[in-house]
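Novice: Numbering (our numbering), first residue to last: 33 to 321. Idealized CB from N, CA, C, for every residue including glycine. All values derive from a computational prediction rather than experimental measurement. Got a structure for you, questions after.
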Ligand code: UTP
């Protein structure tokens, strides 16, 4: 098994980040100096992915413009001797081979991934959700690819969440295989308390076999009236091997205001241009509060 392709579903309406996301895709909101989507594409590229499909919609053409060349801007930067900016602008466009497909109706994450069927063909592929950003020494996608290749199986990235919070996620039925790796035998989306299998929830990263497409094609709408990827995974894990990887790294859900601000502060603290300044600013603020 060799994973060369990735799919980034980014066609959601972003209703938790309104009004900003009425005209700016939430994946294009900047975290310090780069749009959220760039962090995700960088993770995929760092995990050895060559071809990336972004699932988009009619309101999100800013995404394909961003990962394109911009000759007028580049000439101007060149003439002004702004070499660092020029290199950064070019680098974003050269991160990977990026393709786009539109999800013509917003029918849920499972439906968005189904749109990747022709791009993926018969290969296993990675999925990185467009608003989940990971900070990890080894890219989370690479951690999943390793497990998927070792077990010749699909792999989902999980971490433990508090019982009180799991109803916002999905819950995975697991049995241990090795340190940080489990066999998956069932999954439930947004479980009620009595439906919880475990506190392990899938958090935004997957490696799937192409077997998921036939399942998604025939899936009925589930929670919230949407075609749920989780429902598809529940069926896939009964047909084929699936493992869960308790990945190392921190996850930021930048699709909600608090997660977005958390990522903004953490990334700004790490950034060479803003880190020291922000630390002093926070210390001063803390004294006023
Ligand atoms: P979310 O539920 O986090 O995104 O979906 P959303 O629907 O944009 O969020 P809110 O609740 O309205 O704020 C998880 C991922 O699936 C994508 C989203 O773009 C996000 O990356 N998605 C969701 C699609 O691509 N298509 C859909 O129909 C739904």
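Can you confirm whether the stretch 283 to 295 touches the stretch 148 to 166 when touching is taken to mean that 3 or more C-beta pairs between the two stretches lie within less than 8 Å?
Specialist: yes
Novice: Is residue 137 closer than 9 Å to residue 34 when the C-beta atoms are compared?
Specialist: Here residue 34 refers to the residue found at position 2 of the chain shown. Here residue 137 refers to the residue found at position 105 of the chain shown. No; because the gap between Cβ atoms is not below 9 Å, this pair is not in contact.
Novice: If you check the beta carbons only, do residue 190 and residue 234 fall under 9 Å apart?
Specialist: Counting from one through the chain shown, the residue named residue 190 turns up at place 158. Counting from one through the chain shown, the residue named residue 234 turns up at place 202. Taking 9 Å as the Cβ cut-off, residue 190 and residue 234 qualify as a contacting pair.
Novice: Say the cut is 8 Å; is the CB of residue 58 nearer than that to a heavy atom of ligand 1?
Specialist: For the purposes of this step, residue 58 is identified with residue 26 of the chain shown, where counting begins at 1. Checking the 8 Å criterion, the Cβ of residue 58 is within range of a heavy atom belonging to ligand 1.
Novice: Does DSSP put residue 65 in a helix, a strand or coil?
Specialist: If you number the chain shown from 1, residue 65 lands on position 33. Here residue 65 sits in coil by DSSP.
Novice: Using the three-state DSSP reduction, which class does residue 214 fall into: helix, strand or coil?
Specialist: Taking the first residue of the chain shown as position 1, residue 214 is located at position 182. Three-state result, residue 214: strand.
Novice: Leaving out the 5 sequence neighbours to the left and right, which residues in its chain are closer than 7 Å to residue 72 when beta-carbon positions are compared?
Specialist: As a first step, residue 72 is located in the chain shown; it is residue number 40 there, counting from the start. Taken in chain order, the residues that qualify are 40, 160, 162 and 165.
Novice: Looking at ligand 1, does it come within less than 8 Å of residue 138, judged from the CB to the closest heavy atom?
Specialist: To locate residue 138, count along the chain shown from 1; it is residue 106. Relative to ligand 1, the beta carbon of residue 138 is positioned inside 8 Å of a heavy atom.
Novice: Looking only at its own chain, which residues have a Cβ that is under 7 Å from the Cβ of residue 74, when we skip the five neighbours before and after it?
Specialist: Position 42 of the chain shown, counting from 1, holds the residue named residue 74. So the qualifying residues of the chain are 127.
Novice: Kindly identify the DSSP beta-bridge partner or partners of residue 232.
Specialist: Residue mapping note: residue 232 aligns to position 200 of the chain shown, counting from 1. Answer is 192.
Novice: Note down, in chain order, each residue of its chain lying with its Cβ closer than 8 Å to the Cβ of residue 55, except the 5 sequence neighbours on either side.
Specialist: In the chain shown, counting from the first residue as 1, residue 55 sits at position 23. Excluding residues within five positions, the ones whose Cβ falls inside 8 Å are 91.
Novice: Under DSSP, the alpha helix (DSSP H) around residue 95 begins and ends at which residues?
Specialist: Position 63 of the chain shown, counting from 1, holds the residue named residue 95. That run of the alpha helix (DSSP H) goes 93 to 98.
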